[in-house]
Amino acid sequence: MSETEPGHPLPPGEAGEAQEHEQTRVPRRVIGTPPPAQARILLADPEANGEPPAPRELPAGPDNPATAKTAERIVAALFLLSMLASIGFIAAYVGLEVHSVDATLRSNLALGLSMSVAFLAVAAGVVIWVRNIMPDVEQAEERHTFASSPQDRAAFEKTFTEGSEASGFVKRPLLRRTLIAASVPLAVAPLVILRDLGPLPGTTLRHTVWRKGTRMVVYGPNTPLRAADFSTPGQMITVAPEGYTENQDVLAKAVVIIIKFAPDQLVPNRPGHPGTIMNWTVDNIVAYSKICTHVGCPVALYEQTTHHILCPCHQSTFDATNGAQVLFGPAPRPLPQLPIGTDSQGFLIATSDFHEPVGPAFWELG
Amino acid sequence: MSWITARRRRPAAGYAVLLLGLIIVGVGYAALTTQGSPASAANPGVVSAQTIAQGKNLFEVSCSSCHGVDAGGTSQAPSLVGVGAAAVDFQMSTGRMPAKEIGPQVPEKPVTFTTQQIHAIAAYIASLGGGPTIPSAAQVSPVGANTALGQSLFITDCAQCHNFDGAGGALTNGRYAPALTHATPTQIYEAMLTGPEAMPVFSDTTITPAQKRDIIDYITRLRAEPNPGGFSLGRIGPVTEGLVGFIGGIGVLIFLAMWITMKRRGTNDERGTHDETAES
Amino acid sequence: MTATEKVLEGTGRWFDDRLHLAGATRKFLRKLYPDHWSFLLGEIALYSFVILLLTGTFLTFFFKPSMTDVVYHGSYSSLDGVHMSEAYASTLNISFDVRGGLLMRQIHHWAAILFVAAIMVHLLRIFFTAAFRKPRELNWLIGLTMWVLAFTEGLFGYSLPDDLLSGTGLRILEGVLLSIPIVGTYVTFFLFGGQFPGHDIIPRLYVIHILLIPALLLALISLHLFLMFYQKHTQMPGKGRTNTNVVGQQFLPYFAAKTGAWFLFIFGVTALLSTFAQVNPIWIYGPYNPSGISAGSQPDFYMGFLEGALRIWPSWHWNVGGYSFAFNVFLPAFLPLGIIITGLAVWPFAEQWITGDRREHHVNDRPRNAPTRTAIGMAGVTFYGILWLEGANDIVARFLNISLYLTTEIARYAIFIGPVVAYWVTKRICLGLQRKDVHLLEHGIETGIIRQLPNGEYIEETKPVPEDVRAKLVARPELPQLEAADTDGDEVPAPSARSGIGKLRVRLNRVLTESIPLPTGNGHGHGNGHGNGHGAEPAAVTTGESGDGQPPADADQDGTADPGQGTAD
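Chains as they are written, first to last, in the working numbering: chain A, 117 to 482; chain B, 134 to 413; chain C, 1389 to 1957.
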């Protein structure tokens, strides 16, 4: 059956001759595991000189002509089906408009179905063709080891060494070192020119736009909110600084949730017992940054009954009565509390910026 | 030997049986799990003393055991004085109340009262301490609403619990924000207004009635929309897409790969179901 | 000659005159391709990539990679009047105002999902059949690189429409980058062109997504295929298949037809998914806004394990000297990924060192014949899988009615216990399957024919295993004797086994090569003498040459030995 000796190495000699030999050398082929009912011709070496044409490697016809005939009809039907489906695709494209959800649904269904049938029918047809019309022939062939022969390796080493020596690179350290010295800044330069990809962070991450007197607006309608209008315990709403509601860069740090509590629900901050800083609240309304201190998702799932603020991304949970202390989850620090008050007309305002950076921790956070 | 029996020992036979079993279980489960739809509340109209009296009777029979004889609350349930007709209508029209068991959250159930009865109880509770009233049809109508504003408000203040498609979401310790698929406009309005259970309150002074209508408009539009891309896969995003991709995509392709590379009929197959006369 | 043949001959001659093609092309057409269904998995990835290129090109004609704010007035009326970026608006435009646009978007996204899924399944196939062994280590490393590139490409790709879901993913990316010590803030500001979200991230991701990574992937795929082509594909063990031959069907016509059909099947299945399964419905998510978030926000599945790592991690952090070490973000983002990629990359070389086997391998292992490797692989899969499941923990909590925190707490224990259990269970299963193979070799196949013996006993007749099955069952690589494991006659260990590393190597070798040996007379015993670690069968199972003096097995007790026993292969 199959041989176990690996392919023989090329004889040493002229490169041209070796190359020619390589290309005309054809691996020995042996037919393996044929079905018992079929006879196969064992391949003779095709380099036989001057003989009549080499016998066939592959039979010309199917194993079972009767099955093949039926299969051919099935395959032909599938190909025709595919053709019709492709025409249907073009027709659906031309004939079906979009521009509404319902129309898009119809168009997608028609285009998608026709395309699917077009592909799948041909695919199934080809597989049936291979399995029933092509003769089932398995062949075996030798592999070559990958390691080159010792002669080839030696020849390579000789060529490489001679070339390196001729180049003078090895024997002349001055050349070598100055070349390396030349290439180092050249390699660094493309990195340097990326410097203007962005500004330096500086202290940008430490501040938001909230200032003393900045009014809070309900995000969406963008209307300012009176404390008196936010008076039902259990209320929560998202607010943004007035004038910045279209600025996503600002919103990404400055968006805030405010929550209204009943009297005596908030736990005041005391030494050794972190809690809500009551000076920063108005009428039991407390404001926290909506940007999670884990990786920055908006944290806004407020549970009125448990006073939990839950972040939906990674489930960091903060206690809204208690200065947003972390109860569970990967957040490392509480949500920063925004000092708030009311202006002369009763609208809710910030009385200063946050007293610590908002959002995820970064190296310089401290 | 029948066609199936002759193929019982093929390698594919096991997979075929497994697939059949999975299909039967899957279809059976889907068919058997139903979802009850709560009754929708209509505008109660004018409330009469008779209605209040009827409501009081109903209350004493069905609710007072947990909420107290004067709706003043017990250790098991809170006081209902001041919660308003809207809260009662919401809780009862969604079937949450009367509650059958105490857990982290009261689930929706099939509704056991008629709309008129619910309104009667609501009127009675309202008579005890006021509170938010049941919105009128006009108040919850999405006609003329500002859909863009509704979208913005929904995403900012509702989606974090209820999901951008209103599919619902998990809260802490067994609580959850329910899906919005079956909530009526009135129920949505009432929920925002009264803040049931863990849901925060969105009073009319913070989210105005017009803005509430905008939100209702967006929700009702979104859920009425067909899915142009095919089956929605739950509309909850990449989780179900990944499942379908692996099971429907890679799974189907593996079966096809097996077909393409299957040994042909008439050649030796693994089980040796045909006679080998020449045994080496 | 027919007209077609004349044309073909003319064309062929024209090219051959200029390129000397006849010999090489002939070799190409006659090349043999071993056949097994699991060999088609890599092609799923390949053809999915082609589909991605085709549909992606279509999409680039319509997509606008710009974060400029616009007000939408297109066909999707639920978002009429809403402010959004041009990128998002153009994606809505493609979906609802370009014929075939939604289909192309969906095919593109499903093809991306299939691309990464196929890579992972293909990776597992290579691992479990040990096709990464010499001379294919290089291809293994290229494949791993492509896996990382593939899911990065996917992440950047689905972030391009700038919708709420993917934008949240970018926000998380920003948070992760910020947590990098020393350079975190700089990296973030350079990537985003300033603060998050800025105006640069979408155009930059666009360039990376349509040019840089596809170019890299194209180059690596070409190299990957060339190496596979040049080194020839591995083959599954079986009759006539040895380590020095390749058995299969030649390219023309078989493989050409089958691979062409496979491409069409993949395209067809992808198109079918895109017709009936909605994917990435960005109109439901809405445009990105940093003040909005949805419950149940997950990345695409291939990022799921990273998401799970972020969820599972406790809030470790350390502030010292004015600097923050955000371990709670940095570690989950980089450690599990690092473990998996490094572990996989190092594995072929580690295995070579442990087994001392530096020969070429062209016949695949059956997973059961390498119980320890398979068990380690399943432990890795379990590790990955638990993180992946945790990434969807809020969906799991919501729809399976499990408390949210409980899912995370369970995962925190399962991440350690799970892989251990998976290792143990897999190993037992593999050893059991090996025993079943040994049983089959010794006793033959049950025929279902019951005979009654004269003494009243019923027995089932067995017949010997067919040749091709036998060939598969006995195919095992004979592992060379580890020099370090040798002891001389006086139980003195070899010099290389005396150091700490040497002892470790010997012990690892013993564990890694643990296996149920083949029955006597089947040629391929285990050379290192340590194969019996898990309790030999009481009957005729021994190692190597040490005979046990038992009479040959005789299942049907008719006085003659069972055929198939004792025949050298």
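By construction, the Cβ of each residue, glycine as well, lies at the ideal position given by its N, Cα and C atoms.
Being a predicted model, the structure only gives us computed values, none of them experimental.
Check, Outcome
"C:Y1460, DSSP secondary structure in three states", "coil"
"DSSP state of B:S135 mapped onto helix, strand, coil", "coil"
"Extent of the continuous alpha helix (DSSP H) to which C:G1626 belongs", "Element bounds for C:G1626: n/a, residue is neither H nor E."
"Host beta strand (DSSP E) of A:V334 (start-end)", "332-334"
"Per-residue contacts from A:H430 into chain C (C-beta, under 7 Å)", "L1698, R1699"
"Classification of C:F1580 by the beta-carbon crowding that lies within 10 angstroms, buried from 16 upward", "buried"
"A:H430 beta carbon less than 8 Å from that of B:T305", "no"
"Close beta carbons around A:T339, own chain, < 7 Å, minus the five adjacent residues each side", "V333"
"Nearest-angstrom Cα separation, counted from A:T422 out to C:Y1460", "40 Å"
"Beta-ladder partner(s) of C:Q1840, from DSSP", "C:Y1846"
"Residue interval of the beta strand (DSSP E) (run including A:W396)", "Element bounds for A:W396: n/a, residue is neither H nor E."
"Cβ-based neighbour list, C:R1447, same chain, cut-off 7 Å, excluding 5 preceding and 5 following", "Here residue 1447 of chain C turns out to be Leu, not Arg, going by the sequence shown. Excluding sequence neighbours, C:L1447 sits near I1482, M1492, R1493, H1496."
"Nearest-angstrom Cα separation, counted from A:V415 out to A:C427", "4 Å"
"Residue environment, C:T1930, which counts as buried when at least 16 other CB atoms sit within 10 Å", "The pLDDT assigned to C:T1930 is 33, lower than 50, so where the model puts this residue is not dependable; a value taken from the coordinates is nonetheless given after this. Buried."
"Chain C contact for B:Y148 (CB, 8 Å cutoff)", "no"
"Local Cβ density within 10 Å of C:I1570, reported as buried at 16 or more and exposed below that", "exposed"
"Buried versus exposed, by CB contacts within 10 Å (16 or more), C:Y1384", "Chain C is shown only over 1389 to 1957; residue 1384 of chain C falls outside these bounds and no answer can be derived."
"B:L286: contacting residues in chain A (beta-carbon distance under 7 Å)", "G336"
"Three-pair Cβ contact test at 8 Å for the segment 1473-1482 of chain C versus the segment 342-361 of chain B", "no"
"Rounded separation between A:P337 and A:V371 - CA only", "14 Å"
"Residue burial classification, C:N1843 (beta-carbon count within 10 angstroms, cutoff 16)", "exposed"
"Neighbourhood of B:I137 by C-beta distance below 8 Å, restricted to the same chain and skipping five residues each side", "none"
"Proximity test, C:W1528 beta-carbon vs the ligand PLP heavy atom, cut-off 7 Å", "As presented, the structure is devoid of all ligands, the ligand PLP included, so that no description of it is given."
"8 Å Cβ cutoff, B:M325 in contact with chain A", "no"
"Within-8 Å CB hit, B:M391 to chain A", "no"
"Integer-rounded CB distance, given that A:M231 should sit under 8 Å from A:F272", "No, A:F272 and A:M231 are not in contact; Cβ-Cβ is about 52 Å, not under 8 Å."
"Buried versus exposed call for C:W1402 [16 or more other C-beta atoms within 10 Å across all chains shown]", "exposed"
"Beta-carbon spacing of C:I1654, C:I1432 below 8 Å", "yes"
"Segment contact flag, the segment 1646-1666 of chain C with the segment 1510-1523 of chain C, C-beta cutoff 8 Å, min 3 pairs", "no"
"Beta-carbon gap between B:I267 and B:A204 smaller than 8 Å", "no"
"A:G475 - DSSP class collapsed to helix/strand/coil", "coil"
"C:V1397, buried or exposed, once every other Cβ within 10 Å from all chains shown has been counted against 16", "According to the sequence displayed, residue 1397 of chain C carries Glu and not Val. Exposed is the call here."
"For A:P357, the first and last residue of its enclosing beta strand (DSSP E)", "352-357"
"Short Cβ contact (8 Å threshold) for A:R327 with A:A466", "yes"
"Neighbour list for C:G1400 in chain A, Cβ cutoff strictly below 8 Å", "The premise fails here: C:G1400 is roughly 17 Å from chain A at the closest Cβ pair, so nothing lies under 8 Å."
"Helix, strand or coil at C:S1465 [DSSP, three-state]", "helix"
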